[in-house]
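Enquirer:
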Amino acid sequence: MTSDWRAWVPDIVAAAVVAVIGLYEAAATGSVPESRVLLAFVAVGTAAAVGLSRRLPAGALALVWAVCGLQLLAGVDLMLVQVAIAAVAFGTARWGSTATVWLSALSIPVAAMIITVIVNSRGLGGLADLAGNASVVDTIRDLSTTWQVTAAVMGMATLGAPWLVGLALRFGDRARRSKESQQAAEEDAARAVHETEQAREIARLREDQARLANDVHDVVGHSLAVILAQAESGQYLDDTDPQAMKETMAKIATSARTSLRDVRQVLADTQQPSAQPAGLDTLVDGVRASGHEVVSTEIGTPRPLPPELEVVAFRVLQEMLTNAIKHGRRDSPVQVERHWDGELRIEVRNVVAPSPFAAAPGGAGLDGMRRRLESVGGRLDVRRRDEGDGATFTATAWVPVRAGGA
Numbered sequence: 027m028t029s030d031w032r033a034w035v036p037d038i039v040a041a042a043v044v045a046v047i048g049l050y051e052a053a054a055t056g057s058v059p060e061s062r063v064l065l066a067f068v069a070v071g072t073a074a075a076v077g078l079s080r081r082l083p084a085g086a087l088a089l090v091w092a093v094c095g096l097q098l099l100a101g102v103d104l105m106l107v108q109v110a111i112a113a114v115a116f117g118t119a120r121w122g123s124t125a126t127v128w129l130s131a132l133s134i135p136v137a138a139m140i141i142t143v144i145v146n147s148r149g150l151g152g153l154a155d156l157a158g159n160a161s162v163v164d165t166i167r168d169l170s171t172t173w174q175v176t177a178a179v180m181g182m183a184t185l186g187a188p189w190l191v192g193l194a195l196r197f198g199d200r201a202r203r204s205k206e207s208q209q210a211a212e213e214d215a216a217r218a219v220h221e222t223e224q225a226r227e228i229a230r231l232r233e234d235q236a237r238l239a240n241d242v243h244d245v246v247g248h249s250l251a252v253i254l255a256q257a258e259s260g261q262y263l264d265d266t267d268p269q270a271m272k273e274t275m276a277k278i279a280t281s282a283r284t285s286l287r288d289v290r291q292v293l294a295d296t297q298q299p300s301a302q303p304a305g306l307d308t309l310v311d312g313v314r315a316s317g318h319e320v321v322s323t324e325i326g327t328p329r330p331l332p333p334e335l336e337v338v339a340f341r342v343l344q345e346m347l348t349n350a351i352k353h354g355r356r357d358s359p360v361q362v363e364r365h366w367d368g369e370l371r372i373e374v375r376n377v378v379a380p381s382p383f384a385a386a387p388g389g390a391g392l393d394g395m396r397r398r399l400e401s402v403g404g405r406l407d408v409r410r411r412d413e414g415d416g417a418t419f420t421a422t423a424w425v426p427v428r429a430g431g432a
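To convert, note that position 288 of the sequence shown is 314 in our numbering; the numbers rise steadily by one, no gaps.
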């Protein structure tokens with residue numbers, strides 16, 4: 027509430043100043059008490075209109091017309107203090123609504139005509155008395171043939187000039203707010219673009235992180251499974267055959283070096299596409315070298331794959347063979363089939379020992395394979411079938427075939 031009153035302080039001060047000047051003029055020019063009362067009424071009404079011109083411009087305009095109407099009907103002469111109505115004209119153009127602006131614009135020529143009528147009929151009355159010579163204005167009016175035009179022009183200039191200034195400031199303020207709004211909109215747009223770029227960068231980093239995790243999982247998981255199988259096979263070698271033991275240890279060392287090299291390559295290529303694999307047959311040969319029997323069948327005519335599909339096919343088969351080594355029975359062969367018929371279908375089957383704790387297919391490895399395949403338009407199917415003294419685990423992947431380099 028206190029802040030609201032403080033905002034009104036300039037308006038109250040302006041109204042008080044106009045009221046003091048108007049009351050002094052009323053006391054100085056009124057010849058009889060009744061005349062002084064009417065002039066005081068005009069002075070106070072004008073002062074109130076000036077006080078309302080900034081906060082309530084429509085009310086100020088209505089009050090001016092009410093005061094001037096009563097003044098005209100009562101036959102009260104014009105007062106010098108009424109020049110302050112120019113402040114009302116300024117306020118209506120500067121702060122008024124659109125309707126108030128139009129009404130104030132129409133009021134200016136009407137007010138000028140009313141001033142002309144008053145001056146033409148009664149002279150300036152009190153203004154001339156205040157100046158000390160009541161006949162000066164009438165003499166000028168009688169000598170001038172264009173007095174009415176001069177009075178109208180002076181009235182319109184007195185009210186029109188401040189009205190135009192207020193209108194200019196109004197449009198200037200509107201242009202400034204429009205510019206500020208435009209700048210704010212541009213800043214919001216720039217902020218949105220920046221946030222979008224940040225979101226894209228975060229998504230790209232997460233995608234790279236997921237790809238790196240999948241690559242490391244596939245490389246390390248497969249290599250460790252092969253090394254473990256080779257180490258376990260060494261337990262069954264004849265102690266009298268040191269050459270076989272040396273060959274087994276050499277295979278383990280070779281697998282370890284290959285794994286270390288692949289991991290380093292994956293970590294070095296975090297900002298680049300995955301390096302091209304050696305080929306699907308290399309994976310099959312590596313599993314055979316670990317001591318597992320692998321029956322590989324290829325049906326149809328092989329076709330070259332573009333780099334991204336070749337990487338997907340290699341990593342998927344790598345994970346399939348890793349699962350077969352980890353969970354398959356060593357006394358049963360791993361069946362690997364590759365069908366080239368419109369698309370590349372890779373199928374790996376292995377026999378697992380029955381277990382009361384057997385779970386449905388799942389895990390990070392299968393999820394990684396599924397994401398890889400779906401990223402290129404492929405799909406994955408994993409099935410477990412219980413049969414007699416064991417269960418068959420079958421993983422099938424479909425890789426779309428496109429011409430190499432397409």
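The C-beta atom is built at its ideal place from N, Cα and C for all residues, glycine as well.
With respect to the beta strand (DSSP E) encompassing GLN361, which residues constitute its N-terminal and C-terminal limits?
Expert: If you number the sequence shown from 1, residue 361 lands on position 335. Run containing GLN361: 360-367, per the beta strand (DSSP E) assignment.
Enquirer: Classify LEU406 as helix, strand or coil using the three-state DSSP reduction.
Expert: In the sequence shown, residue 406 corresponds to position 380, counting from 1. DSSP places LEU406 in strand when its eight states are reduced to three.
Enquirer: Using 7 Å as the threshold, is the C-beta distance between LEU3 and VAL402 below it?
Expert: Nothing about residue 3 can be read from this structure; the chain reaches only from 27 to 432.
Enquirer: With distances taken from CA atoms, which of MET139, ILE141, THR118, THR142 is nearest ALA131?
Expert: Taking the sequence shown and counting its residues from 1, the one referred to as residue 131 is at position 105. Taking only the C-alpha atoms, the option nearest ALA131 is THR118.
Enquirer: Looking at the secondary structure, which residues open and close the beta strand (DSSP E) in which THR308 lies?
Expert: Counting from 1 along the sequence shown, the entry for residue 308 is found at position 282. Element bounds for THR308: not the beta strand (DSSP E) but the alpha helix (DSSP H), 306-315.
Enquirer: Between the beta-carbon of VAL245 and the beta-carbon of VAL313, is there less than 7 Å?
Expert: As a first step, residue 245 is located in the sequence shown; it is residue number 219 there, counting from the start. As a first step, residue 313 is located in the sequence shown; it is residue number 287 there, counting from the start. Between VAL245 and VAL313, the gap from beta carbon to beta carbon reaches 7 Å or more.
Enquirer: LEU309 and LEU254 - do their beta-carbons sit closer together than 7 Å?
Expert: Counted from its first residue, the sequence shown places residue 254 at position 228. Counted from its first residue, the sequence shown places residue 309 at position 283. Not in contact: LEU254 and LEU309 (Cβ atoms no closer than 7 Å).
Enquirer: Using alpha carbons as the reference points, say which of SER322, VAL338, ARG375, TRP128 lies closest to GLY192.
Expert: The sequence position of residue 192 within the sequence shown is 166, counting from 1. Taking only the C-alpha atoms, the option nearest GLY192 is TRP128.
Enquirer: From the DSSP output, in three-state form, read off ASP30 for me.
Expert: If you number the sequence shown from 1, residue 30 lands on position 4. Three-state result, ASP30: helix.
Enquirer: At the level of alpha carbons, what is the spacing between CYS94 and PHE197?
Expert: Taking the first residue of the sequence shown as position 1, residue 94 is located at position 68. Taking the first residue of the sequence shown as position 1, residue 197 is located at position 171. Going by the C-alpha atoms only, they are around 29 Å apart.
Enquirer: With DSSP as the reference, please indicate the residues paired to GLU373 in a beta bridge.
Expert: Along the sequence shown, one-based indexing puts residue 373 at 347. GLU363, THR422.
Enquirer: What did DSSP end up calling PRO36 once you bin it into helix, strand or coil?
Expert: As a working mapping, residue 36 is identified with position 10 in the sequence shown. If DSSP states are grouped into helix, strand and coil, PRO36 belongs with the helices.
Enquirer: Under the DSSP definition of a beta bridge, which residues are partnered with SER322?
Expert: If you number the sequence shown from 1, residue 322 lands on position 296. For SER322, which the question treats as bridged, DSSP gives the partners VAL362.
Enquirer: Helix, strand or coil: which one does DSSP assign to ARG230?
Expert: Counting from 1 along the sequence shown, the entry for residue 230 is found at position 204. Three-state DSSP puts ARG230 in a helix.
Enquirer: By the three-class DSSP mapping on this structure, what secondary structure does ARG411 have?
Expert: Here residue 411 corresponds to residue number 385 of the sequence shown, with the count starting at 1. Here ARG411 sits in strand by DSSP.
Enquirer: State the DSSP-derived secondary structure class of VAL102, mapped to helix, strand or coil.
Expert: Along the sequence shown, read from residue 1 onward, the residue named residue 102 stands at position 76. VAL102 falls in the coil class under three-state DSSP.
Enquirer: If you follow the alpha helix (DSSP H) that LEU78 is part of, which residue opens it and which one closes it?
Expert: Locating residue 78 in the sequence shown gives position 52, where the first residue counts as 1. It spans 59-78 - the alpha helix (DSSP H) in which LEU78 sits, taken as one unbroken run.
Enquirer: DSSP beta-bridge partners for VAL378?
Expert: Counted from its first residue, the sequence shown places residue 378 at position 352. VAL378 is bridged to ALA417.
Enquirer: CA-CA distance, SER358 and VAL427?
Expert: To locate residue 358, count along the sequence shown from 1; it is residue 332. To locate residue 427, count along the sequence shown from 1; it is residue 401. Taking the straight line from one Cα to the other gives about 31 Å.
Enquirer: Of all Cβ atoms in chain B, is any one closer than 7 Å to the Cβ of ILE38?
Expert: In summary, chain B is missing from the structure at hand, where a single protein chain is found.
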